[in-house]
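What the sequence shown shows, in the numbering used here, is residues -15 to 293, in sequence order. The beta-carbon is built from N, C-alpha and C at its ideal position, and this holds for glycine as well. Take a look at the structure set out below.
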Amino acid sequence: MTKETTNINPLLCDPEAGFCGLPDNSPTDKSIENTADKSIKIIYFTDPICSSCWGIEPQLRKLKLEYGTNYEIEYRMGGLLPDWSYNSGGISKPSDVAHHWDEASLYYDMPIDGDIWIEDPLHSSYPPSIAFKAAEIQNHKKALLFLRELKEMVFMRKLNITKWENIAAAAEKTGLNVNQLKTDYEGKAQILFEQDLKLAKELGVRGFPTIFFSNNNGEKEIIYGSKPYAFYETALLKLDPTAQKAEYNKNWETVFSKYNSLTAKEFAELTGNPRKESERILNQLADNGSLRKITTKNGSLWTLIKAAQ
């Protein structure tokens, strides 16, 4: 990166580029070995408080439904905000992030309430990142549910996910052993997180989301930032033209059986319904008691009531 950009605060994301940047990593040609059983390996560098990563949830959820049998994915934490020792790019204190997150919400059409940076600001993204590594030690599938819950907490419910009580609540909700999580959080997960940071530096990860696709021949594709769904599908098919696209029922019962909570943007992406029509359908389902609607100043989330009980 150029000298002029090395000190820009990583929370000053660029919605048009769909990217939240890191201060000092440089590109690299380091190869990625695919040792997975699947034809494609994906390494996804993300961060629990990255607004651009929240912005690509619809695309990644669709990719999982359509091509999930063809790839194996690793979630790697990249350490977006170590602390507040930055003072540039228009963000020098937590309250500066509030308006920026509100703007990102409108751009990605995903609910984000920036007021958390005024009401209960986070000092770092490291604690929830380490907590995710601790969750992975227990169970990969539950860890992904845990990460989603952390994101909903911070982006929608204005909960400070650096605080242990909120981390523990997310763990309990997603079926993790909270005591074990605490032990691993204070121990092995710290080492695993450092390994993620080291790998990010080795691969030249410059921000989030950064997604590496690789096949058994050592070929790779890299997608930087939030992009339309076709970019992710094309990258996968370029590396494995034989990948089979799964068909799934696009009615609301099916998509909510796959994902217990959905935004209107996610529902539109998964069902193929127009965005406004998707919100109308979701509101109708909330009105008749099938879904629970959670509303913020910048959008809503709908959850399946039966699965939540």
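Under 9 angstroms between C-beta atoms of residue i and residue j
| i | j | result |
| --- | --- | --- |
| Y216 | I207 | yes |
| F3 | G209 | yes |
| I26 | E58 | yes |
| A115 | L129 | no |
| K117 | L65 | no |
| D97 | R141 | yes |
Own chain partners of residue i with C-beta closer than 7 angstroms, once the 5 adjacent residues on each side are dropped
| i | result |
| --- | --- |
| L275 | L266, L269, W286, T287, L288, I289 |
| A219 | F197, E205, I207 |
| W236 | I265, L269 |
Backbone CA spacing between residue i and residue j [nearest angstrom]
| i | j | result |
| --- | --- | --- |
| S72 | D80 | Confidence is the limiting factor: at S72 the pLDDT is only 48, short of 50, which leaves the residue's position unreliable, though a coordinate-based value still follows. Roughly 11 angstroms between the two C-alpha positions. |
| P258 | A252 | 6 angstroms |
| W38 | T280 | 15 angstroms |
| A173 | D31 | 15 angstroms |
| P111 | R264 | 38 angstroms |
| V162 | A154 | 9 angstroms |
| S76 | D67 | 11 angstroms |
| G256 | P193 | 24 angstroms |
| E250 | N54 | 22 angstroms |
| D224 | K211 | 20 angstroms |
| C34 | E231 | 31 angstroms |
| I100 | E136 | 12 angstroms |
| S108 | A88 | 19 angstroms |
Neighbourhood of residue i by C-beta distance below 6 angstroms, restricted to the same chain and skipping five residues each side
| i | result |
| --- | --- |
| I278 | L285 |
| L254 | K46, V239 |
| D180 | R60, M61 |
Where the alpha helix (DSSP H) containing residue i begins and where it ends
| i | result |
| --- | --- |
| E133 | 124 to 140 |
| Y51 | 41 to 51 |
| E317 | Examination of residue 317 is not possible in this model, given that the chain is present from -15 through 293 alone. |
Own chain partners of residue i with C-beta closer than 8 angstroms, once the 5 adjacent residues on each side are dropped
| i | result |
| --- | --- |
| G273 | I289 |
| Q122 | L160, N161, Q164, L165, D168 |
Range of the contiguous beta strand (DSSP E) that encloses residue i
| i | result |
| --- | --- |
| T280 | 275 to 280 |
| S89 | Note, S89: premise wrong, no beta strand (DSSP E); alpha helix (DSSP H) at 81 to 92. |
Any chain B beta carbon closer than 9 angstroms to residue i
| i | result |
| --- | --- |
| I102 | Here there is only one protein chain, and chain B is not present. |
Do the region 141 to 152 and the region 173 to 185 touch if we need at least three Cβ pairs shorter than 8 angstroms? No: fewer than three Cβ pairs fall under 8 angstroms.
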